[in-house]
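Protein chains in written order, with my numbering: chain C, 1 to 303; chain B, 1 to 383.
Cβ atoms here follow ideal geometry from the backbone N, Cα and C, with glycine treated the same way.
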Amino acid sequence: MRPAKIPTEELMTSGHLACQGCGATQAMRFALKALGPKTALVIPACCWSVIDGPFPHSSLKVPIFHTAFEAAASTASGLKAGLEMRGDTETVVMAWAGDGGTFDIGIQALSGAAERNEDMIYCCYDNEAYMNTGIQRSSATPAGAWTTTTPIKHYKKRPKKKIIDIMAAHSIPYIATASVAYPLDLIEKFKKAREIKGTRFIHVFAPCPTGWKLAPELSVSMARQAVTSKIFPLMEVTDNGRRWSVWKDFEPTPLQDYIKAQGRFRHLTDEEIEGIGRETERNWQELLMKERISLELPGLESE
Amino acid sequence: MKKVIMGNHAVSYGVRASEVKVISAYPITPQTQVVELLSEMCANGEIDAKFIMVESEHSAMTACVGASAAGARTFTATSAQGLLLMHEILHWAVGARLPIVLANINRAVGPPWSIWTDQNDSLSQRDVGWLQIYCESNQETQDTIIQSFKIAEKIKLPVMIVLDAFFLSHTFEIVDILEAEQVRAFLPPYVADKQVDVTESHSFGNLASPDSYMELRYMIQKAMEDSREVIREVDEEFGKHFGRSYGLVKPYRCEDAETILVTSGTVASTTRAVIDEMRDEGIKIGALKIRVFRPFPFEEVFDVLSKAKKVAVIDRNISFGHHGIFFQEVKSALYGRTDIPIAGYIAGLGGRDVTPTVIREIADKAISDKKPEREINWIGVKE
């Protein structure tokens, strides 16, 4: 990871309505620092529909168009087309959606926009459940987690949907994961995305202390451990979904530290945690294989 | 330039003349020729517009919402299931006060599958806050598209133009096709007074408390009420430019009519032929076509119908558990102001032909019934 400077300009103000320790809020602040003021946001139903602040206020210094839950990518497609036809080709349009609006209800519009390679940044800030409605499971909720719709007796058994694989299958020019615990990396990725034409998908890991049953001051620490325990790898997929590169330059930390720090996993036995650990390691190895294979593929543009 | 074209292409030519900037659509029978011709026009540069070929009608409408919010003139077309899939975003376009124009080809809703016409698709969107204008000819269709952009942009509400599947969408008629150069003086380029723009950090559509939501809804109703006058003015101005006007309603031989048949869409044309035939027999009968359904033209409807002794409403739709929908609306326009008997006739669902014979049956029944036996009468239902 190369160091980047954090721009001093603040496009997010105080007065927003987020919970303490909200990862989604940190993600927005850093993303806008990277993108700058010539950015227009499309926000579907998600925590950020509320965080922004009530009518007639807004906590952001960029325009926001609020849209329906499943409609972030399609609304952003139209917004970009409208701006261009008005002669504004500079503004970056960013769809900013939660995991529910991306992995679940918004995936059709997202897939459509990505297949058309619409000129937008699509950012999914992932807090791993429907937090705004009170912690219900989404297809981004990890296996083992408690939510209000996956109670302890029936905690979530199915693994988190592999959204990066899905997006890579759309052959779009830029895909990245980022984390609020690594702001320099996050900013660098948004800056990089800003310069690319076409659909850029950034998946930001954004802890939710309220939904994860976590002390707010541990939010950033959890985001960091998600990376170092390999459950949320930092990576980029470039060359239209073919070139995978995974960040490996970190001191690994035990997955059980990450799991045991969070109330949402409190019910898990050591054996169950070991099972999650095995799955995590397999996913990690699979990812490294994808990286190796992508390096061996002939005819790729060099980075 | 006059050409013989199908109804669907009349829509496309209306869009071309209106210099639309963003079109987004998804294919559905019987709407497809609208977007096929439009994509051709975009591809060969006849229209300077972006065409977003989305993966669903829901996305078509949301792409229109996004484009319109950016300040671009925006159009889509759909039918039946497609319109129903758009439903959520039809509301969004209204709440966001976006002047989108949509052409809906009236098609019956499944199951069972039907591609043929009836009005339940558009009429089930009655309460979303879109203006609805029902057309009966290809010329009227093209002209109404052009008028609709002007109306929508003045009142900041979206407009739905409705035409019958096949009976209009696939019927070829002579149309005086208008070119953008002819239309520009009537319909100048769209300039929004508020739009998504990085020079102003507005938040559009964020959380409104009970303290402010109701006022925003009141403003929509006010715009709808005011739109009646706007529709009249725009129609009149269109007449001055192009020599054609359509009115909110169209009465036919109603002056001394004792019985009036109320219709909409293509049934209106057939009805006029039946009226002529009955007039020749000395029967005092007339017809009233309702062109603008939302906002409902209460005064125009009352003025025409209040002089009659009997009113019969033909509905190519049904609100299950209630009546035909035009019937309900007409009745409410007369309620408390007159005691003229009014009967509703359900006909032509799922594309069943509403022939002169069917209309004659309705007219005869309306005349012979002293008082309507039943307010709702199903015509031609097989045992």
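Any chain B beta carbon closer than 8 angstroms to residue i
i       : result
P54(C)  : yes
L60(C)  : yes
E303(C) : Note that E303(C) scores 46 on pLDDT, short of 50, meaning its location in the model is unreliable; the coordinates nonetheless yield the value given after this. It does not: the Cβ of E303(C) has no partner Cβ on chain B nearer than 8 angstroms.
H16(C)  : no
H267(C) : no
S111(C) : yes
Below-8 angstroms beta-carbon distance, residue i vs any chain C residue
i       : result
H322(B) : no
M86(B)  : no
E19(B)  : no
V234(B) : no
Y13(B)  : no
T62(B)  : yes
V22(B)  : yes
V159(B) : no
I100(B) : no
E153(B) : no
D193(B) : no
K156(B) : no
I52(B)  : yes
V198(B) : yes
S388(B) : Residue 388(B) is absent from the model: chain B starts at 1 and stops at 383.
For residue i, the residue or residues it bridges with in DSSP
i       : result
D369(B) : Per DSSP, none; premise fails for D369(B).
Q136(C) : Y130(C)
H203(C) : C124(C) and T177(C)
G286(B) : I260(B)
D176(B) : K2(B)
A25(B)  : M53(B)
Q31(B)  : For Q31(B), which the question treats as bridged, DSSP gives no partner whatsoever.
E200(B) : D197(B)
L60(C)  : M12(C)
G98(C)  : Y125(C)
K240(B) : DSSP, once it has assigned bridges, lists no residue as partnering K240(B).
Closest by C-alpha distance to residue i, when choosing among the options
i       : options                               : result
D226(B) : E236(B), R294(B), R107(B) and T266(B) : R294(B)
A10(B)  : N104(B), V311(B) and N138(B)          : N138(B)
A169(C) : D239(C), R194(C), F232(C) and W212(C) : D239(C)
S368(B) : K21(B), V311(B), R244(B) and M41(B)   : V311(B)
A69(B)  : M120(C), I64(C), S245(C) and V180(C)  : I64(C)
G82(B)  : P99(B), E55(B) and K307(B)            : E55(B)
L163(B) : K194(B), P189(B), E329(B) and M6(B)   : M6(B)
P111(B) : A80(B), I105(B) and S122(B)           : A80(B)
Q31(B)  : H58(B), K21(B), E40(B) and A103(B)    : A103(B)
Y246(B) : A43(B), I318(B), K382(B) and S148(B)  : S148(B)
V175(B) : E299(B), T144(B), A185(B) and H87(B)  : T144(B)
Y190(B) : R291(B), D303(B), T74(B) and W116(B)  : T74(B)
E236(C) : K290(C), G15(C) and V92(C)            : K290(C)
R242(C) : S14(C), L295(C), Y155(C) and L17(C)   : L295(C)
P254(C) : L234(C), I276(C) and W244(C)          : I276(C)
I275(B) : P356(B), S319(B) and R97(B)           : P356(B)
T228(C) : A176(C), A181(C) and E115(C)          : A181(C)
T78(B)  : I105(B), H202(B) and A72(B)           : I105(B)
L268(C) : E115(C), D257(C), G23(C) and G144(C)  : G144(C)
L261(B) : F238(B), E237(B), L187(B) and K365(B) : K365(B)
T259(B) : P372(B), P158(B) and I151(B)          : P372(B)
heavy atom of the ligand MN below 7 angstroms from residue i C-beta
i       : result
D164(B) : Of the ligands one can find in the structure shown there are none, so the ligand MN has no counterpart to examine.
Residue-chain proximity (residue i, chain E), Cβ-Cβ < 8 angstroms
i       : result
F250(C) : The structure shown contains no chain E; its protein chains are C and B.
Exercise. What residues from the stretch 64–75 of chain B come within 8 angstroms of chain C, judged by C-beta to C-beta, listed N to C?
Worked result: Cβ contacts with chain C: C64, V65, G66, A67, S68, A69, A70, G71, A72 and T74.
Problem set entry | Interface positions of the stretch 205–229 of chain B facing chain C (Cβ-Cβ less than 8 angstroms), listed along the chain | Listed by position along the chain: G205, N206, L207, A208, S209 and S212.
Problem set entry | Segment contact, 8 angstroms Cβ cut-off, at least three pairs: the stretch 277–284 of chain B with the stretch 331–342 of chain B | No contact exists between the stretch 277–284 of chain B and the stretch 331–342 of chain B.
Exercise. Quick one: any contact between the stretch 245–253 of chain B and the stretch 204–220 of chain B, if contact means 3 or more CB pairs under 8 angstroms?
Worked result: The stretch 245–253 of chain B vs the stretch 204–220 of chain B: no contact.
For this session: Compile a chain-ordered list of the residues in the stretch 20–42 of chain C whose CB is closer than 8 angstroms to at least one CB of chain B.
Result: Residues P37, K38, T39, A40 and V42.
For this session: Return the residues of the stretch 124–156 of chain C that lie within a Cβ-Cβ distance of less than 8 angstroms from chain B, sorted by chain order.
Result: Result list empty, no residue passes.
Exercise. When you check each C-beta in the stretch 104–129 of chain B against every C-beta of chain C, which residues fall closer than 7 angstroms?
Worked result: Per Cβ criterion, the list is empty.
Exercise. Hey, is the stretch 67–81 of chain C in contact with the stretch 24–37 of chain C, meaning 3+ C-beta pairs nearer than 8 angstroms?
Worked result: Taking one beta carbon from each stretch, the stretch 67–81 of chain C and the stretch 24–37 of chain C have fewer than 3 pairs nearer than 8 angstroms; the two do not touch.
Exercise. Is the stretch 124–141 of chain B in contact with the stretch 178–188 of chain B, if contact means three or more CB pairs nearer than 8 angstroms?
Worked result: No, the stretch 124–141 of chain B does not touch the stretch 178–188 of chain B.
For this session: For the stretch 76–89 of chain C, enumerate the residues whose C-beta is nearer than 8 angstroms to any C-beta of chain B, in chain order.
Result: For chain B, the residues of the stretch 76–89 of chain C that bring a beta carbon within less than 8 angstroms of one of its beta carbons are A76, S77, G78, L79, K80, A81, G82, L83, E84, M85, R86 and D88, in chain order.
For this session: Check whether the stretch 267–279 of chain C touches the stretch 183–201 of chain C, taking contact to mean three or more Cβ pairs, one atom from each stretch, closer than 8 angstroms.
Result: With a cut-off of 8 angstroms on Cβ pairs, the stretch 267–279 of chain C is not in contact with the stretch 183–201 of chain C, counting fewer than three such pairs.
For this session: Check whether the stretch 51–61 of chain C touches the stretch 99–108 of chain C, taking contact to mean three or more Cβ pairs, one atom from each stretch, closer than 8 angstroms.
Result: In short, these stretches do not touch, since the Cβ pair count stays below three.
For this session: Check each residue of the stretch 159–190 of chain B: if its Cβ is closer than 7 angstroms to any Cβ of chain C, include it; give the result in chain order.
Result: Cβ contacts with chain C come from no residue of the stretch 159–190 of chain B.
Exercise. Between the stretch 277–289 of chain C and chain B, which residues of the former have CB atoms less than 7 angstroms from a CB of the latter, in chain order?
Worked result: Those residues of the stretch 277–289 of chain C that come within reach of chain B (Cβ to Cβ, closer than 7 angstroms) do not exist; the list is empty.
Exercise. Are three or more beta carbon pairs between the stretch 14–31 of chain C and the stretch 158–172 of chain C nearer than 8 angstroms?
Worked result: A contact is defined here as three or more CB-CB pairs under 8 angstroms, and the stretch 14–31 of chain C fails this definition with respect to the stretch 158–172 of chain C.
Problem set entry | Inter-stretch contact (C-beta, 8 angstroms, three-pair minimum) for the stretch 87–95 of chain B and the stretch 322–329 of chain B | Taking 8 angstroms as the limit for Cβ pairs, the verdict is that the stretch 322–329 of chain B does not touch the stretch 87–95 of chain B.
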